[in-house]
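K.L.:
Per full-length UniProt numbering, the very first residue in the sequence shown carries number 1; after that it's consecutive.
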Amino acid sequence: MKKEDVLRDYYDMCNGTFKCIERRRCSGCKKLASLSSQQLFGVPPTTPASQLKPVHLKNIVQDLYRRARNNQKLLQDNKLLLHRWYEQRLLLGSLCVDATRRGISVLTVVEADDGTTCILHVFNAMQPSSRQEELRKMFPKGIKVVITRPSIGCLHPSVTPVVLYVQSPGNLDFVGVATSPPEKLVAMPPQELRKEGNALFAQGSYLVAIQYYSDCVAASLGRKDGGEEMKLEAVLAISNRAEAWLKLGMYEKAIADSNRAIGMDAFHAKSFYRKGRALMAIQEHVEARVSLKSAAKYSSDGDAKKEILEALAKCKVFLQQSQKGVYDVGDYVSSGCNAEHAPKCSDYVGPVEVRLTRDGRGRGLFVTKKVRLGELLLVSNNISFASCVKEEAGAAESELLVGALKACRSSQKIIHQLYAIDDAASVPSMKIFRPNLGYEGAMPPEEAPPLDVARIQGAVKAAYFPWTMLGQSECSKSRVWGLPAFVNHSCLPNVSKLEVGKATMFHAARDLHAGDELLISYVDPYAPWSTERRKALVEDWGFECHCRRCCLERSNKELLRDLLPLDDSLKYDSIEKCTQLLASVEERLGRVAGMSKDDKDLIRVTLFDFYGPLSVSGKKSADASGGHEALKLITPDRLFRLLHSTAPGHPKTLVFMSYLARFRESPSDVCHFLMDEFTAAYGSQCACLAWKVLQSYFEAALENFMEVGGLVEYRVCKCWFAEDKGFRVECLM
Ligand SMILES: C[S@@+](CC[C@H](N)C(=O)[O-])C[C@H]1O[C@@H](n2cnc3c(N)ncnc32)[C@H](O)[C@@H]1O
Numbered sequence: 001m002k003k004e005d006v007l008r009d010y011y012d013m014c015n016g017t018f019k020c021i022e023r024r025r026c027s028g029c030k031k032l033a034s035l036s037s038q039q040l041f042g043v044p045p046t047t048p049a050s051q052l053k054p055v056h057l058k059n060i061v062q063d064l065y066r067r068a069r070n071n072q073k074l075l076q077d078n079k080l081l082l083h084r085w086y087e088q089r090l091l092l093g094s095l096c097v098d099a100t101r102r103g104i105s106v107l108t109v110v111e112a113d114d115g116t117t118c119i120l121h122v123f124n125a126m127q128p129s130s131r132q133e134e135l136r137k138m139f140p141k142g143i144k145v146v147i148t149r150p151s152i153g154c155l156h157p158s159v160t161p162v163v164l165y166v167q168s169p170g171n172l173d174f175v176g177v178a179t180s181p182p183e184k185l186v187a188m189p190p191q192e193l194r195k196e197g198n199a200l201f202a203q204g205s206y207l208v209a210i211q212y213y214s215d216c217v218a219a220s221l222g223r224k225d226g227g228e229e230m231k232l233e234a235v236l237a238i239s240n241r242a243e244a245w246l247k248l249g250m251y252e253k254a255i256a257d258s259n260r261a262i263g264m265d266a267f268h269a270k271s272f273y274r275k276g277r278a279l280m281a282i283q284e285h286v287e288a289r290v291s292l293k294s295a296a297k298y299s300s301d302g303d304a305k306k307e308i309l310e311a312l313a314k315c316k317v318f319l320q321q322s323q324k325g326v327y328d329v330g331d332y333v334s335s336g337c338n339a340e341h342a343p344k345c346s347d348y349v350g351p352v353e354v355r356l357t358r359d360g361r362g363r364g365l366f367v368t369k370k371v372r373l374g375e376l377l378l379v380s381n382n383i384s385f386a387s388c389v390k391e392e393a394g395a396a397e398s399e400l401l402v403g404a405l406k407a408c409r410s411s412q413k414i415i416h417q418l419y420a421i422d423d424a425a426s427v428p429s430m431k432i433f434r435p436n437l438g439y440e441g442a443m444p445p446e447e448a449p450p451l452d453v454a455r456i457q458g459a460v461k462a463a464y465f466p467w468t469m470l471g472q473s474e475c476s477k478s479r480v481w482g483l484p485a486f487v488n489h490s491c492l493p494n495v496s497k498l499e500v501g502k503a504t505m506f507h508a509a510r511d512l513h514a515g516d517e518l519l520i521s522y523v524d525p526y527a528p529w530s531t532e533r534r535k536a537l538v539e540d541w542g543f544e545c546h547c548r549r550c551c552l553e554r555s556n557k558e559l560l561r562d563l564l565p566l567d568d569s570l571k572y573d574s575i576e577k578c579t580q581l582l583a584s585v586e587e588r589l590g591r592v593a594g595m596s597k598d599d600k601d602l603i604r605v606t607l608f609d610f611y612g613p614l615s616v617s618g619k620k621s622a623d624a625s626g627g628h629e630a631l632k633l634i635t636p637d638r639l640f641r642l643l644h645s646t647a648p649g650h651p652k653t654l655v656f657m658s659y660l661a662r663f664r665e666s667p668s669d670v671c672h673f674l675m676d677e678f679t680a681a682y683g684s685q686c687a688c689l690a691w692k693v694l695q696s697y698f699e700a701a702l703e704n705f706m707e708v709g710g711l712v713e714y715r716v717c718k719c720w721f722a723e724d725k726g727f728r729v730e731c732l733m
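Set out below in structure tokens:
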């Protein structure tokens, strides 16, 4: 049978056309169907790569057939043959057919070094959005591969093919090209090899191009009679290889190759340029600037010099951002945070450090000095990002893992960061999160930690933040952060988040004292406690929140019990129902002895969706409070303050405030409150920008403000996100 046919058969089997004698009703098939791939293949225990020994596919396949022959019962029952995990082993081979995708996995065929062919199934290897073109580039036919800790098995060798499973792309390494016989490559002159490499590079086949460049280097440096000409050839090939590493996002390899080329030609402008760009990508802007300056100095080509100067200008901006925390996000904010206007941002670590919390919440992030509302504390680019619909939330985790593994290949700093996140017992050194650490001295490539997929997986699980668009709860974006992964949760957060492209900016949303802990809300801070906030924290995050609000709500469970779950439709139903409900809350609150005014307000904030419209209606019609005295006291002014003290800087707070602002009794206070709220959300910005943004909030509030049967329809948040409304705000729900 041809290799392609075997692959097709397996592919069909995966899609439901199993070759099971009992039409997929045998116990083996049933068992297989009931197991997830995770259960089936498990997570491998880890062994350092240096201790791995080669595995011979031929012996394994023969062994599987022998066991099948010797056990006719197994064959009759068509039982699932347990596959084996070859821990402490590696398998060498080459890909011999074009890869096909299956969801986020990849199917192809590997020809092992001993000549045996086998289907190769690589789990979690693609983004759901990846195209066939990218697949070909990622898994080029003919590439040599090393598979560490392979897992081999099949349902039964007589009915299904033997499959080689690779649990994570981190266990698959590309080492070279196998299509062309070595004689042909060696026979090619170095210049031809480099040209071939350049052609492949132009097609986007970076991995294969790298192999050609490597062969060119070996061929040119291997020539005894080569002289200067061959040395130059090697410099060009090494430098071009650096560009290919850059394209693949493997920045440390790009730096190593650039350094090697510079070591052979100290005036090689392109290599300085490539090194500079790679250093910028790993947040080493000080060293990047030095390299780019050398590139500009040695470059004689006009167009190339222009490019270098542009990179140098970008580098200067990054340097200022990373050292002083100065970012120009004016255009982005005034465009309504339109992703197209998001500038690229460097990381920035302000006055914060990781410490152990004293009450068992593990590690947390703390401010090291007094900071004012709006001060920038931290800017962090995502390590990994995934976007998926809610029903496929599980897929996001695999996608995040793939992204994290790729990021680990870009720089060892990321591996250190992820290991620090995974190691819950240790408080990491801040230096692994700081930009401009000094790559050349601080991170020698030979000391790079080995990539341990299980630890990376642990870090992804621990540092995975789901992020749902307000009003678009079916679409969620998730990310793995570095330093922000240490920020704990509170339903009374004190830090705001502003997403700017791949980066997230964290501003102080209140004045903070040295030693205060940074707290964000992992859930919607305005959601009701037991049915939503607590449920999400327990189910999605695995902890009970003990913030002041949660403790208060927990100890007043009885008071809140029959008010929750609140029916969303109630808000739009009738003013009478709403009034009755809140009157009952007020009556109960009145009966609670010893509860402070502030604490009562914290209970009220959970029901903001009801108090908001009612208080506004109350202003519009004298009897909206239904004669309930207590309700008359809940004015828009009161709610305004309440919002500000609950979740300052939260996007919903500004939305609610712009809505209520129209009904404030003392308009002079409005500006003061709104400016503070704007500063909490967007940091200290120019007043005219603040005004422009606030105006768009007002306009949106006005646009979404309607009256239905005497009740103000409260749908600001829902409509906010309609594409044509312009202003988009995102928040953690
Ligand atoms: C993103 S991590 C935050 C950093 C974490 N404390 C650590 O040591 O790595 C989220 C985890 O921190 C803990 N956590 C965060 N906020 C908490 C809170 N308010 N109460 C209890 N545990 C909390 C939970 O274990 C949660 O799963």
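For every residue, glycine included, the Cβ atom is placed at its ideal position computed from N, Cα and C. Quick caveat, the model's predicted, so the values are computed rather than measured.
With a cut-off of 8 Å on the beta carbons, I'd call residue 589 and residue 600 a contact; round off their distance for me.
P.N.:
Between residue 600 and residue 589 the Cβ distance is about 5 Å, and since that is below 8 Å, they are a contact.
K.L.:
Let me check you understand the geometry: is the CB of residue 556 closer than 7 Å to at least one non-hydrogen atom of ligand 2?
P.N.:
With respect to ligand 2, the structure shown offers nothing to examine, as its ligands consist of ligand 1.
K.L.:
Rounded to whole angstroms, how far is the Cβ of residue 261 from the Cβ of residue 238, which I believe are closer than 8 Å?
P.N.:
The Cβ separation is near 4 Å, so the contact holds.
K.L.:
What span of residues does the alpha helix (DSSP H) with residue 553 cover, start to end?
P.N.:
Here the alpha helix (DSSP H) through residue 553 covers 548 to 555.
K.L.:
Can you find a heavy atom of ligand 1 that lies under 7 Å from the Cβ of residue 488?
P.N.:
Within the cutoff, so yes.
K.L.:
By alpha-carbon positions, which one of 103, 216, 104, 93 ends up nearest to residue 141?
P.N.:
The residue with the shortest Cα to Cα distance from residue 141 is 93.
K.L.:
Residues in the same chain with beta-carbon distance under 7 Å from residue 114, minus the five sequence neighbours each way, listed in chain order, please.
P.N.:
If we look at residue 114 and ignore the five residues flanking it on each side, its Cβ neighbours are 56, 57, 58.
K.L.:
Given a cut-off of 8 Å, decide if residue 383 and residue 245 are closer than it, judged by their beta-carbon atoms.
P.N.:
The answer is no: Cβ separation not under 8 Å.
K.L.:
Run through DSSP, which three-state label would residue 464 get?
P.N.:
Here residue 464 sits in strand by DSSP.
K.L.:
Beta-carbon within less than 7 Å of residue 421's beta-carbon, same chain only, minus the 5 sequence neighbours each way: which residues are those?
P.N.:
The answer, listed in chain order, is 459, 462, 463, 485.
K.L.:
Classify residue 326: buried if its beta carbon has 16 or more other beta carbons within 10 angstroms, exposed otherwise.
P.N.:
Residue 326 should be labelled exposed.
K.L.:
Are the Cβ atoms of residue 309 and residue 296 separated by less than 8 Å?
P.N.:
The answer is yes: Cβ separation under 8 Å.
K.L.:
What are the partner residues of residue 507, as DSSP defines its beta bridges?
P.N.:
376, 496.
K.L.:
Using the three-state DSSP reduction, which class does residue 148 fall into: helix, strand or coil?
P.N.:
Strand at residue 148.
K.L.:
Whose CA, out of 583, 593, 532, lies closest to the CA of residue 556?
P.N.:
Among 583, 593, 532, the Cα nearest to that of residue 556 is on 593.
K.L.:
Count the C-beta pairs between the region 365 to 378 and the region 681 to 701 that are closer than 8 Å, then say yes if the count reaches three, no if not.
P.N.:
Yes: at least three Cβ pairs fall under 8 Å.
K.L.:
Take the Cβ of residue 184 as the centre, count every other Cβ of all protein chains shown within 10 Å, and call the residue buried at 16 or more, exposed below.
P.N.:
Since pLDDT at residue 184 reaches only 46, below the 50 mark, its modelled position is unreliable, and no value is offered.
K.L.:
Could you tell me whether the region 218 to 230 touches the region 187 to 194, using the rule of 3 or more Cβ pairs below 8 Å?
P.N.:
Yes: at least three Cβ pairs fall under 8 Å.
K.L.:
Do you know offhand how far residue 271's Cα is from residue 132's?
P.N.:
Spanning the two alpha carbons is a distance of roughly 32 Å.
K.L.:
Assuming contact is defined by CB atoms lying nearer than 8 Å, are residue 509 and residue 680 in contact in what I supplied?
P.N.:
It is a contact, given that the beta carbons lie within the stated cut-off.
K.L.:
Excluding the 5 residues flanking residue 258 on each side, which residues of the same chain have their C-beta closer than 6 Å to its C-beta?
P.N.:
Answer for residue 258: 242, 271, 274, 275, listed in chain order.
K.L.:
Please identify the residue among 99, 171, 379 whose C-alpha is closest to the C-alpha of residue 87.
P.N.:
Ranking the options by Cα distance to residue 87, first place goes to 171.
K.L.:
Within its chain, find whatever has a CB closer than 8 Å to the CB of residue 321; leave out the 5 residues flanking it on each side and keep chain order.
P.N.:
Hits under 8 Å: 327, 345, 346, 348, 379.
K.L.:
Got a sec: does ligand 1 put a non-hydrogen atom nearer than 7 Å to the Cβ of residue 543?
P.N.:
Checking every heavy atom of ligand 1 against the Cβ of residue 543, one is found closer than 7 Å.
K.L.:
Taking 7 Å as the cut-off, is the CB of residue 315 close to at least one heavy atom of ligand 1?
P.N.:
No, Cβ of residue 315 sits at least 7 Å from all heavy atoms of ligand 1.
K.L.:
What do you reckon, are the CB atoms on residue 582 and residue 334 nearer than 8 Å?
P.N.:
Cβ atoms of residue 582 and residue 334: not closer than 8 Å.
K.L.:
Quick check: is any heavy atom of ligand 1 less than 7 Å from the C-beta of residue 546?
P.N.:
Checking every heavy atom of ligand 1 against the Cβ of residue 546, one is found closer than 7 Å.
K.L.:
How about residue 120 and residue 166: do their beta carbons lie closer than 8 Å?
P.N.:
Going by C-beta atoms, residue 120 is nearer than 8 Å to residue 166.
K.L.:
Tell me, please, which residues DSSP counts as bridged to residue 54.
P.N.:
Bridge partners of residue 54: 90.
K.L.:
In whole angstroms, what separates the C-alpha of residue 316 from that of residue 280?
P.N.:
Distance between the alpha carbons of residue 316 and residue 280: 10 Å.
K.L.:
Looking at residue 642 and residue 612, is the spacing between their C-beta atoms short of 8 Å?
P.N.:
Taking 8 Å as the Cβ cut-off, residue 612 and residue 642 do not qualify as a contacting pair.
K.L.:
Classify residue 197: buried if its beta carbon has 16 or more other beta carbons within 10 angstroms, exposed otherwise.
P.N.:
Classification of residue 197: buried, given that the 10 Å Cβ count is 16 or more.
K.L.:
Report buried or exposed for residue 366, applying the criterion of at least 16 other Cβ atoms within 10 angstroms of its Cβ.
P.N.:
Buried, because 16 or more other Cβ atoms sit within 10 Å of the Cβ of residue 366.
K.L.:
At a cut-off of 7 Å, would you count residue 364 as near ligand 1, judging by its Cβ distance to the nearest heavy atom?
P.N.:
For ligand 1, at least one heavy atom lies less than 7 Å from the Cβ of residue 364.
K.L.:
May I ask you to list the residues that DSSP assigns as paired with residue 488?
P.N.:
DSSP output for residue 488 lists 519 as bridge partner(s).
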